[in-house]
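If you read the sequence shown in my numbering, its first letter stands for residue 6, the second for the next number, and so on.
Beta carbons are placed, not taken as given, at the ideal position from N, Cα and C, and that holds for glycine.
Here is the structure we will look at.
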Amino acid sequence: MFATVFLEFLGKPIWIWLIFIGVVLTLLVLDLGVLNRRDHVIGVGESLKLSAFYIAVAMLFGGWVWYSMGSEAGLQYYTGFFVEKSLSLDNVFVISLIFSYFAVPRELQHRVLFWGILGVIVLRGLMIAAGAALVSEFHWVLYLFGAFLVLTGIKMLFAKDEETNLGENVALRFLKRHIRVTDRFHGHHFIVKEPSGPGGAMRWAATPLLLALIMVELADLVFAVDSVPAIFAITTDPYLVYTSNIFAILGLRALYFALAAMVHRFRYLKYALALVLVFIGGKIFYTQFFGKPDPLIALGVTFALIGGGVLVSLWKTSRETKTAAAE
Numbered sequence: 006m007f008a009t010v011f012l013e014f015l016g017k018p019i020w021i022w023l024i025f026i027g028v029v030l031t032l033l034v035l036d037l038g039v040l041n042r043r044d045h046v047i048g049v050g051e052s053l054k055l056s057a058f059y060i061a062v063a064m065l066f067g068g069w070v071w072y073s074m075g076s077e078a079g080l081q082y083y084t085g086f087f088v089e090k091s092l093s094l095d096n097v098f099v100i101s102l103i104f105s106y107f108a109v110p111r112e113l114q115h116r117v118l119f120w121g122i123l124g125v126i127v128l129r130g131l132m133i134a135a136g137a138a139l140v141s142e143f144h145w146v147l148y149l150f151g152a153f154l155v156l157t158g159i160k161m162l163f164a165k166d167e168e169t170n171l172g173e174n175v176a177l178r179f180l181k182r183h184i185r186v187t188d189r190f191h192g193h194h195f196i197v198k199e200p201s202g203p204g205g206a207m208r209w210a211a212t213p214l215l216l217a218l219i220m221v222e223l224a225d226l227v228f229a230v231d232s233v234p235a236i237f238a239i240t241t242d243p244y245l246v247y248t249s250n251i252f253a254i255l256g257l258r259a260l261y262f263a264l265a266a267m268v269h270r271f272r273y274l275k276y277a278l279a280l281v282l283v284f285i286g287g288k289i290f291y292t293q294f295f296g297k298p299d300p301l302i303a304l305g306v307t308f309a310l311i312g313g314g315v316l317v318s319l320w321k322t323s324r325e326t327k328t329a330a331a332e
């Protein structure tokens with residue numbers, strides 16, 4: 006039994022995976038079982054404090070990666086974390102749109118996000134395991150990832166902002182046609198029993214809260230199509246890929262309630278994210294022709310682009326607000 010923990014899984018000893026799983030489970034139990042045992046509205050202040058805690062844990066975990074696996078692994082973890090954190094910001098807008106469409110009460114939104122993260126942990130794990138298997142067996146897949154990231158980044162740079170109509174979403178229309186859904190919320194329950202008609206038998210039915218949860222999961226699946234290739238462009242180590250992914254998403258869920266209130270202030274961040282995708286995708290081809298760049302350079306460029314995008318967004322939206330007020 007003791008020797009089992011020294012066996013390897015995806016290139017790393019099982020005990021290293023168990024450390025990560027233990028940290029994540031502790032955070033989830035602390036989140037729902039202690040800090041948010043009762044449904045309540047999470048304000049901006051609480052959201053920022055909780056997010057700062059998650060970021061601190063992610064940074065400390067990165068320090069442990071640096072100490073136990075070396076400086077290169079540590080830099081790759083931090084680069085992956087910042088990239089995934091930044092790419093996930095687009096998710097905030099979509100989640101906000103979903104909550105608005107279903108009119109999810111603010112005190113129930115955290116519950117949807119909490120259960121959503123459990124699905125994300127599983128879905129991202131499956132996608133990363135599949136990606137790791139492909140890269141290990143067919144190294145040229147990395148070049149497909151790189152080309153995909155460059156093209157996606159260029160598309161983001163020139164894409165026009167379009168208003169999203171969630172009611173026309175194909176997946177949502179399919180769910181409404183094939184699942185019995187109640188016309189109102191039933192507390193924090195995702196499914197309830199209700200009469201099938203006047204005097205009819207009691208049958209299970211989904212509440213709008215379940216539809217919101219499913220749509221949040223599907224949204225994350227769509228965003229994973231960009232983020233998973235991005236992290237594999239930074240490192241092909243499944244452990245670093247998965248841990249940086251999950252820690253970034255855990256923290257984003259905590260930060261959602263603060264970001265949702267000011268998501269309009271980050272309107273120009275998408276251009277910085279587009280440049281990050283182009284840079285990361287291009288790094289794969291640079292490595293092929295000129296050799297592997299210093300991981301510190303990759304981290305520095307990524308951080309500079311994201312930080313610059315945040316500052317420019319805050320500056321430009323502030324000017325636009327002042328101009329509108331003056332008129």
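- For E173, no beta strand (DSSP E) segment is defined, and its DSSP state is neither H nor E.
- R272 sits in coil when the DSSP states are folded into three classes, being neither helix nor strand.
- Setting aside the 5 residues that flank it on each side, L53 is surrounded in the same chain by L260, A263, each with a C-beta closer than 8 Å to its C-beta; the list follows chain order.
- Distance from the CA of F104 to the CA of G121, rounded to the nearest whole angstrom, comes to 13 Å.
- Around Y247, the same chain offers I133 as residues with beta carbons nearer than 6 Å, after the five sequence neighbours per side are excluded.
- When DSSP assignments are scanned along the segment 126-192, the uninterrupted stretches of alpha helix (DSSP H) that are 4 or more residues long and fall wholly within it turn out to be 146-163, 175-183.
- Just measuring C-alpha positions, the residue of G130, V221, L215, A235 sitting nearest D188 is L215.
- Under DSSP, E199 forms a beta bridge with R208.
- Non-local C-beta neighbours of W209 in its own chain, meaning closer than 8 Å and more than five positions away in sequence, comprise R185, I196, V197, K198, ordered along the chain.
- DSSP places P243 in the helix class (H, G or I) of the three-state scheme.
- Annotation for T241: V140 place their beta carbon closer than 6 Å to its own, counting only its chain and skipping 5 residues before and after.
- Taking the C-beta atoms as reference points, F284 is found no nearer than 8 Å to S318.
- In the structure shown, P300 falls within a helical segment according to DSSP collapsed to helix, strand and coil.
- Counted as a single uninterrupted DSSP element, the alpha helix (DSSP H) harbouring G68 occupies residues 49-74.
- At least 8 Å separates the beta-carbon of A279 from that of L223.
- One alpha carbon belongs to R182, the other to F107, and they sit about 16 Å apart.
- Taking 8 Å as the cut-off, the Cβ atoms of G158 and F237 do not count as close.
- Cβ-Cβ distances below 8 Å link L226 to L128 in the same chain, with the five nearest sequence neighbours on each side left out; the list follows chain order.
- Looking from the CA of L123, the closest CA among D36, I302, L245 belongs to D36.
- Contact holds between the segment 75-87 and the segment 290-303, because three or more Cβ pairs, one in each stretch, are under 8 Å apart.
- Between S93 and L255, the C-beta spacing is not below 8 Å.
- The Cβ atoms of P213 and F190 lie closer than 8 Å to each other.
- Between L154 and A235, the CB-CB gap stays under 8 Å.
- Around the beta-carbon of A63, 16 or more other beta-carbon atoms lie within 10 Å, marking it buried.
- H115 is not a Cβ neighbour of I60, given a cutoff of 8 Å.
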